[in-house]
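Position one of the sequence shown corresponds to residue 28 (this note's numbering), numbered consecutively onward.
Where a beta carbon is used, it is the ideal one built from N, C-alpha and C, also for glycine.
Heads up, the thing below is written out as C-alpha cells.
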Amino acid sequence: MNNAQTSRVFSGIQPTGNLTLGNYLGAVKRFVEMQNSGIETIYCMVDLHAITTWQNPSELKAATRELAAGFIASGLDPEKSILFNQSQVGAHSELGWVFNCIARMGWLNRMTQFKDKAGKNRENASVGLFAYPTLMAADILVYHATHVPVGEDQKQHLELTRDIATKFNNDFDVNFFPITEPVIEGVATRVMSLRDGTKKMSKSDASDMSRINLTDSAELISKKIKKAKTDPDPLPSEVEGLNNRPEAKNLVNIYSGLSGLSPQVILSENGGRDFSKFKPDLAELAVSILTPISNEMTHLMKEPDQIDKILGNGAAKAAKIANPILEQTYDIVGLIRSK
Ligand code: AQP
C-alpha cells in the first residue's frame, strides 16, 4: 500500500455556537489561505464532535448552517474547497470505530482537552467526549490528509492522530496512513479571552464579553474591545516588554493577526501609547475586517436550503475520496466486504 503522496489539507470546526475571533484567526483565515494556494482542501463542520456534549437539536442545526455561512463569508469557496458536515459522510464514524480499537486507553487518558471539558465530573462525561480524538483522527486519515491547519489547543490531538496512524501501519505491517503534519503558524494560534489573558477565547465561555463573535455588530465589537481587560502600563516598544503581560500581549497579537503586521512593527509604532488610545485603533481594524463577513453571513443565512445544498454536494465529493480509503482499511484489518 502506498501513502498518499500529494498534499491534501483537512480541518474541522464544531458547530457549538458562534464562530469567534479565535476560530477565525487560528483556523478559518488560514483555511482560506491554503485554499487559495491551490492545495486540495477539505473543511468540515464536525457535528458528530459537537454532540459529545449535549446540544439542543434545533440550535445544532442552526449552528451548523451558521458555521457553513461563516466559512463561505470568510472566503471559502465551495467550488474550490470541499465543504460539508461530518455526519453526512458515514466513513468518518466507521473509521473512528476501527481507531477506537487501535488507540489505547492510556493515550486518551492523557488528553488535556478531555480533562478540561469533563472537569471534576469525569464519571458523568459521555464516552463520545473521551473518544473525541479517535474520531478526529478518523476525520483526517479517512482522506489521507497530509496537513491539518489548527490552533495551538489541538496540537495534542494531532500528535495522537500521528500515533494512531503509526500504530495502525505497524500492527498491520503496511504503509497505508500518512503521518499528518499539524500546521500551527502565526501569532494568533492561541487567541485569549478578553476577560482573562490566561484563558483561551472560546465559543462556549459563559461570558459573551470574553470573545468577539463573527456575528457581533460593529458597536458590540468596539464595546468588547474597549472593555477588554488590560494592565495600567502603556504599550512597550519591544516584544520582550509583553512578557508577563498576558492581556497586553493578547491585544497586540489580535492586532497582528488581523493586520498581518508583526508584533514588533506594531510596538515600534505604538510603544509608549496608553491602551485607551490603542484600543480604538484595534476596534476600528476589527470592525473593518469582521463587518463585511458578518453582513455576508446574514445574507447567506436567509437561504438555508441553499446552504444545505452546498453541504450535500460537499458531502458527496468527500465520500468519493473517503469511501475507497475506508474499504482498503477494512480489507487490511480483515473485514469481509461482499461485492
Ligand atoms: N482561542 C483560539 N485561538 C486560536 N485558535 C482557536 N481555535 C479555537 N479557539 C481558538 C481553533 O479553532 C478550530 C476549531 O475549534 P473547535 O470548534 O473544533 O473546538 P475548540 O478548539 O474547542 O474551539 P472553541 O471555540 O473553544 O469551542 P468550544 O467552546 O465548543 O470548545 C481549531 O483549529 C482550534 O484550534
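Worksheet item: For Phe98, which residues from the same chain have a beta carbon less than 7 Å from its beta carbon, with the 5 sequence-adjacent residues on both sides left out?
Response: Val55, Tyr70, Leu110
Item to complete: Measuring alpha carbon to alpha carbon, tell me which of Gly339, Asn148, Cys128, Leu48 ends up nearest Ala165.
Response: Among Gly339, Asn148, Cys128, Leu48, the Cα nearest to that of Ala165 is on Cys128.
Discussion item. Output needed for Arg364: all residues of its chain with C-beta closer than 8 Å, excluding positions within five of it in sequence on either side, in chain order.
Written reply: Glu354, Tyr357, Asp358
Worksheet entry | For Arg92, three-class secondary structure by DSSP | helix
Worksheet item: In chain order, which continuous runs of the alpha helix (DSSP H) of length 4 or greater are located wholly inside the segment 97 to 185?
Response: Annotation note: the segment 97 to 185 contains the following uninterrupted alpha helix (DSSP H) runs of length 4 or greater, listed N- to C-terminal: 118 to 127, 132 to 136, 139 to 145, 154 to 157, 159 to 168.
Worksheet item: Mind checking whether the beta-carbon of Ile78 lies closer than 7 Å to any heavy atom of ligand 1?
Response: no
Discussion item. Is the beta carbon of Lys250 closer than 8 Å to that of Gly49?
Written reply: no
Worksheet entry | Length of the line joining the Cα atoms of Gly53 and Pro261 | 27 Å
Fill in: Nearest-angstrom Cβ-Cβ length linking Thr47 and Met72, presumed shorter than 8 Å
No, Thr47 and Met72 are not in contact; Cβ-Cβ is about 15 Å, not under 8 Å.
Worksheet item: Is the segment 318 to 333 close to the segment 286 to 297, with three or more CB pairs under 8 Å?
Response: no
Discussion item. Whole angstroms are fine: how far does the CA of Asp104 sit from the CA of Pro259?
Written reply: Taking the straight line from one Cα to the other gives about 44 Å.
Fill in: Residue from Ile337, Ala313, Gly117, Val210 whose Cα sits closest to the Cα of Glu60
Val210
Discussion item. Taking the beta strand (DSSP E) that Gly39 belongs to, which residues open and close that run?
Written reply: 35 to 40
Practice prompt. From the DSSP output, in three-state form, read off Thr47 for me.
Written response: strand
Worksheet item: According to the neighbour-count rule (16 or more other Cβ atoms, all chains shown, within 10 Å of its Cβ), is Gly123 buried or exposed?
Response: buried
Worksheet item: Would the C-beta of Ala158 count as close to ligand 1, meaning under 7 Å from any of its heavy atoms?
Response: no
Worksheet item: Any idea what DSSP makes of Thr188, helix, strand or coil?
Response: helix
Item to complete: Examine the Cβ distances between the segment 228 to 248 and the segment 191 to 203 and report whether three or more of them are shorter than 8 Å.
Response: no
Worksheet item: Is Ile167 near Thr139, with beta carbons less than 8 Å apart?
Response: Pairing Ile167 with Thr139 gives a Cβ-Cβ distance that is not under 8 Å.
Fill in: Option nearest Ser315 by Cα separation, candidates Leu241, Leu269, Val266
Leu241
Discussion item. Can you check which of these residues, Ala96, Lys254, Thr79, Lys256, is closest to Asn151 by C-alpha distance?
Written reply: Thr79
Discussion item. Measuring alpha carbon to alpha carbon, tell me which residue in Leu156, Arg131, Ala89 is nearest Lys142.
Written reply: Leu156
Practice prompt. Check Asn350 in the structure and name its three-state DSSP category.
Written response: helix
Worksheet item: Just how far apart, CA to CA, sit Ala77 and Ser114?
Response: 11 Å
Worksheet item: So what does DSSP say about Pro319, is it helix, strand or coil?
Response: Of the three classes helix, strand and coil, the one that applies to Pro319 here is helix, per DSSP.
Discussion item. Is any non-hydrogen atom of ligand 1 found closer than 7 Å to the C-beta of Arg217, if you look at the structure I gave you?
Written reply: yes
Discussion item. Distance check for Phe37 and Gln62, CA to CA, integer angstroms please.
Written reply: Looking at the two C-alpha atoms, the distance is approximately 11 Å.
Worksheet item: With respect to the alpha helix (DSSP H) encompassing Pro290, which residues constitute its N-terminal and C-terminal limits?
Response: 290 to 297
Discussion item. Using only the alpha-carbon positions, how far apart do Tyr159 and Asn297 sit?
Written reply: So the alpha carbons of these two residues sit roughly 43 Å apart.
Fill in: Asn277 Cβ short of 7 Å to ligand 1 heavy atom set
no
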